[in-house]
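Colleague: Chains as they are written, first to last, in my numbering: chain A, 1 to 425; chain B, 1 to 251. Here a beta-carbon is modelled for each residue, glycine too, at the ideal position from N, C-alpha and C.
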Ligand SMILES: Nc1ncnc2c1ncn2[C@@H]1O[C@H](COP(=O)(O)OP(=O)(O)OP(=O)(O)O)[C@@H](O)[C@H]1O
Ligand SMILES: [Mg+2]
């Protein structure tokens, strides 16, 4: 079926601006992805899935300029013992990264992984699975054109977290990174991500979790005000496996975070959570699709957004319970705290259930600061600013508490506090 | 200490007069009780004194040690020494009781130019005071008032009062919802704070609390005014005969 002309032209223009890396084990997957993205076309404002978030700046041939944030604040996770892997404007920096060897983990760079590689069975595979029932062409574009990334194979319990640090140094950088993570049976790893990455960042991560595997993910998306990002996580969970992902987003003019989760083994657990604090020219979109395709699995989505000065929050979350996925426990909540009347929250929660013995709930709310609570705090002597901050942090708490590790929770909370105090000036 | 003169208050949202000329002076070291029928304006008075939004003072004044408090923000009043134990304490999910109290104590200290209380000292003090009120450590860690029983909420108010050591304590029906033992605990908490520099305004419907916290003066409020003032015997009269006679007398 031919694409509408506008979409065809926009897609052609974008593809013309890109060069596909050549050779190596990923070549076939890249060619396949290119064919798929050509057939799908890149998203535009007419697409239902992009109803609330305009994709044009994510699709246009070149990245819109994004100024670099000047700050002397220390970067997040500084206190955490971790294995650091640094990318500067989307290019791996061996100098700034730690040695990539660690017990129970092998890490290869996408760009120089050997010709026969385990990642061949995952690269583009989970992304392809994630294209139905809803198309995600930006991720497919990523599979075809990603220039860098890491391939992480976890064979046991990783002794410390792997930390991907994305530095942004060029005002016009346009980065496409693709990571693949494979967690073997009984293995366990924590992945941290932080930094603005680039003026425009397209990131795709595929995470295959075998039976009894555990994957924790905590990320803080960079604070540069003008940066743009479209990220996608595709994960498939085996029996009794665990996937827990949390994202904090502060600033960034446009962020779309997609998360596509397939629960394919019985008793698997998947939690995805996000907290965002947005001010002014800021749009943050969480789009989640969770498929329950096994018995007795649990999924949780907890998204909280604090918005002010005309910021926009978007949430599109769907739980699909397939026939036979009995005893599914699905929970979804998306809430916004609107600190003024100029800000808005657009939410589309969905449930689609084909099994009869399931417990699924979803709720979405939008509200202002609780005046009663605010007065109570002030009546005890707490100034209005700090009282509002306390209530704001409290509002985000349900999402932040989804992080299991308390040190990481604290790191995130102190980031939020810094944001709040910066905003107050 | 607290001087309320001819206080007239109406609702901001609607043209409804609630306080219609309240006159009341609480001297330092004294306990004044206010009784009065439902809807007579007792809570409104306590809210107006502590600075809640939604009320408009149309006439009159309220001063604490000569300082006009009606122009102050709620937090400034608190730092100046005003404390309200709420009739309905507010639940604040996500904010730990301990964090809340420490922030409050230190905000007030900062506002008064005093040194902040260290974390260890704070812990020591709060543990001791909580113990006296039979508030267990678990309750201190929980979010403010969330899931607390009615009585626990009231005891938590008194704990806050004990930690903040305000000059002017206003207690709005702190006895309602308390069992007999809890009422004693609360009364003991209040009595422990009684001293020459501190004034109390205790709003209550029942004589029983006043058995434990012996008031110096009892006021009867009706329809937005203090219609009668007397000694502790006035509370007994209300307990025995209700308000009918007093109201009739006032007309
Ligand atoms: N925000 C408000 N909106 C509408 N009416 C109000 C508001 N606040 C107070 N009122 C009215 O003002 C009157 C006084 O209320 P208030 O709560 O002060 O009474 P009270 O003496 O404390 O009563 P109670 O003994 O039942 O606690 C009541 O008629 C009440 O309905
Ligand atoms: Mg009342």
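Can the beta-carbon of residue 199(B) be found less than 7 Å from the beta-carbon of residue 177(B)?
Modeller: Here residue 199(B) refers to the residue found at position 199 of the second chain. Here residue 177(B) refers to the residue found at position 177 of the second chain. No, they are not a contact pair.
Colleague: Below 7 Å on C-beta distance, what does residue 336(A) contact in chain B?
Modeller: As a first step, residue 336(A) is located in the first chain; it is residue number 336 there, counting from the start. By Cβ distance, chain B contributes nothing, its closest Cβ being about 15 Å from residue 336(A), past 7 Å.
Colleague: Confirm, please, whether the CB-CB distance from residue 318(A) to residue 275(A) is below 7 Å.
Modeller: What you label residue 275(A) is simply residue 275 of the first chain in a count that begins at 1. What you label residue 318(A) is simply residue 318 of the first chain in a count that begins at 1. Result no, Cβ atoms of residue 275(A) and residue 318(A) do not sit closer than 7 Å.
Colleague: Rounding to the nearest angstrom, what Cα-Cα distance links residue 364(A) and residue 330(A) in this structure?
Modeller: Taking the first chain and counting its residues from 1, one reaches residue 364(A) at position 364. Taking the first chain and counting its residues from 1, one reaches residue 330(A) at position 330. Cα to Cα, the separation comes out at about 15 Å.
Colleague: Going by the C-beta, is residue 309(A) closer than 6 Å to any heavy atom of ligand 1?
Modeller: Sequence index remark: in the first chain, residue 309(A) carries index 309 (1-based). The answer is no for residue 309(A).
Colleague: Against chain A, which members of the stretch 34-61 of chain B pass a CB distance test of less than 8 Å?
Modeller: 50, 51, 52 and 53
Colleague: Around ligand 2, what residues have a beta-carbon under 7 Å from a heavy atom of it, in chain order?
Modeller: 42(B), 43(B), 87(B), 172(B), 173(B) and 203(B)
Colleague: Going by other Cβ atoms of all chains shown within 10 Å of its Cβ, with 16 needed for buried, is residue 43(A) buried or exposed?
Modeller: Start at 1 with the first residue of the first chain, and residue 43(A) comes out as number 43. Answer is buried; the Cβ neighbour count reaches 16.
Colleague: Using a threshold of 6 Å, is the CB atom of residue 299(A) nearer than that to any non-hydrogen atom of ligand 1?
Modeller: If you number the first chain from 1, residue 299(A) lands on position 299. Checking every heavy atom of ligand 1 against the Cβ of residue 299(A), none is found closer than 6 Å.
Colleague: Spatial neighbours of residue 89(B) within its chain, please: C-beta separation below 6 Å, excluding the five flanking residues on both sides.
Modeller: One-based indexing of the second chain puts residue 89(B) at position 89. If we look at residue 89(B) and ignore the five residues flanking it on each side, its Cβ neighbours are 145, 153 and 157.
Colleague: Would you be able to state if there are at least three C-beta pairs under 8 Å between the stretch 3-22 of chain B and the stretch 54-63 of chain B?
Modeller: yes
Colleague: List the residues of chain B whose Cβ lies closer than 8 Å to the Cβ of residue 61(A), in chain order.
Modeller: Position 61 of the first chain, counting from 1, holds the residue named residue 61(A). The premise fails here: residue 61(A) is roughly 44 Å from chain B at the closest Cβ pair, so nothing lies under 8 Å.
Colleague: Assuming contact is defined by CB atoms lying nearer than 7 Å, are residue 89(A) and residue 198(A) in contact in what I supplied?
Modeller: On the first chain, residue 89(A) is found 89 positions in, with the first residue counted as 1. On the first chain, residue 198(A) is found 198 positions in, with the first residue counted as 1. Yes, the pair counts as a contact, with Cβ atoms nearer than the cut-off.
Colleague: Taking only the alpha-carbon atoms, compute the straight-line gap between residue 347(A) and residue 55(A) and give it to the nearest angstrom.
Modeller: Walking along the first chain from the start, residue 347(A) turns up at place 347. Walking along the first chain from the start, residue 55(A) turns up at place 55. Distance between the alpha carbons of residue 347(A) and residue 55(A) is about 17 Å.
Colleague: For ligand 1, is there a heavy atom less than 6 Å away from the beta-carbon of residue 40(B)?
Modeller: Your numbering for residue 40(B) matches position 40 in the second chain. True, at least one ligand heavy atom lies under 6 Å from that Cβ.
Colleague: At a Cβ threshold of 7 Å, is residue 333(A) touching chain B?
Modeller: Walking along the first chain from the start, residue 333(A) turns up at place 333. Judged by the 7 Å Cβ criterion, residue 333(A) is not in contact with chain B.
Colleague: Does the Cβ-Cβ distance between residue 250(A) and residue 58(A) come in under 7 Å?
Modeller: On the first chain, position 250 is the one that residue 250(A) refers to. On the first chain, position 58 is the one that residue 58(A) refers to. Against a cut-off of 7 Å, the Cβ pair of residue 58(A) and residue 250(A) comes out as no contact.
Colleague: Candidates 192(B), 104(B), 137(B) and 242(B): which alpha carbon is nearest residue 207(B)'s?
Modeller: Along the second chain, one-based indexing puts residue 207(B) at 207. Ranking the options by Cα distance to residue 207(B), first place goes to 242(B).
Colleague: Give me the chain E residues within the contact set of residue 395(A), using Cβ-Cβ distance strictly less than 7 Å, ordered along the chain.
Modeller: No chain E appears in the structure shown, which is made up of the protein chains A and B.
Colleague: Can you tell me which of the three DSSP states residue 257(A) falls into?
Modeller: On the first chain, residue 257(A) is found 257 positions in, with the first residue counted as 1. The answer is strand: DSSP assigns residue 257(A) an E or B state.
Colleague: Restricting to Cα atoms, I'd like to know which of 390(A), 402(A), 421(A) and 414(A) is closest to residue 92(B).
Modeller: By 1-based counting over the second chain, the position of residue 92(B) is 92. Ranking 390(A), 402(A), 421(A) and 414(A) by Cα distance to residue 92(B) puts 390(A) first.
Colleague: Determine the contact status of residue 61(A) and residue 14(A), defining contact as a CB-CB distance below 7 Å.
Modeller: For this step, residue 61(A) is matched to residue 61 along the first chain. For this step, residue 14(A) is matched to residue 14 along the first chain. Yes; because the gap between Cβ atoms is below 7 Å, this pair is in contact.
Colleague: Strictly under 7 Å for the Cβ-Cβ distance: is residue 383(A) near chain B by that measure?
Modeller: The residue labelled residue 383(A) in the question sits at position 383 within the first chain. At least one chain B Cβ lies under 7 Å of residue 383(A).
Colleague: So, for residue 203(B): in the same chain, excluding its five sequence neighbours on each side, which residues have a beta-carbon less than 7 Å away from its beta-carbon?
Modeller: Taking the second chain and counting its residues from 1, the one referred to as residue 203(B) is at position 203. Cβ neighbours of residue 203(B) beyond the five flanking positions: 34, 42, 46, 171, 172 and 173.
Colleague: Would residue 9(B) count as contacting chain A if we go by Cβ distances under 7 Å?
Modeller: As a working mapping, residue 9(B) is identified with position 9 in the second chain. No, its Cβ sits nowhere closer than 7 Å to a Cβ of chain A.
Colleague: Ligand 1 heavy atoms versus the CB of residue 18(B): any closer than 6 Å?
Modeller: Mapped onto the second chain, residue 18(B) falls at position 18. Under cutoff, so the answer is yes.
Colleague: With DSSP as the reference, identify every bridge partner of residue 116(B), one or two as the case may be.
Modeller: For the purposes of this step, residue 116(B) is identified with residue 116 of the second chain, where counting begins at 1. None; residue 116(B) has no bridge partner.
Colleague: Can you name the residues of chain A whose CB is closer than 9 Å to the CB of residue 174(B)?
Modeller: On the second chain, residue 174(B) is found 174 positions in, with the first residue counted as 1. Going along chain A, no residue has its Cβ under 9 Å from residue 174(B), so there is no contact; the nearest lies around 15 Å.
Colleague: I want to see whether chain B comes within less than 7 Å of residue 425(A), judged by CB atoms only; does it?
Modeller: For this step, residue 425(A) is matched to residue 425 along the first chain. Residue confidence for residue 425(A) is low, a pLDDT of 47 falling below 50, so the modelled location carries little weight and cannot support an answer.
Colleague: Report back the beta-carbon spacing between residue 256(A) and residue 285(A) to the nearest angstrom; my notes put them in contact at under 8 Å.
Modeller: If you number the first chain from 1, residue 256(A) lands on position 256. If you number the first chain from 1, residue 285(A) lands on position 285. Contact flag correct, Cβ pair sits at about 4 Å.
Colleague: Counting C-beta neighbours from all protein chains within 10 Å, is the total for residue 260(A) 16 or more, i.e. buried, or is it exposed?
Modeller: For the purposes of this step, residue 260(A) is identified with residue 260 of the first chain, where counting begins at 1. Residue 260(A) should be labelled buried.
Colleague: With residue 191(B) as the anchor, note down where its alpha helix (DSSP H) starts and where it stops.
Modeller: For the purposes of this step, residue 191(B) is identified with residue 191 of the second chain, where counting begins at 1. Residue 191(B) -> alpha helix (DSSP H) spans 180-193.
Colleague: How long is the line joining the alpha carbons of residue 468(A) and residue 74(B), rounded to whole angstroms?
Modeller: Lying outside 1 to 425, the shown extent of chain A, residue 468(A) is not represented and no answer is given.
Colleague: Where does the unbroken alpha helix (DSSP H) through residue 87(B) begin, and where does it stop?
Modeller: Taking the second chain and counting its residues from 1, one reaches residue 87(B) at position 87. Per DSSP, residue 87(B) lies in no alpha helix (DSSP H) segment and is marked neither H nor E.
Colleague: Within 7 Å of any Cβ in chain B, is that where the Cβ of residue 379(A) sits?
Modeller: Position 379 of the first chain, counted from the first residue, corresponds to residue 379(A). Closer than 7 Å: yes.
Colleague: I need the boundaries of the alpha helix (DSSP H) containing residue 433(A), first residue and last residue.
Modeller: A question about residue 433(A) goes unanswered here, because the residues of chain A that appear run from 1 up to 425.
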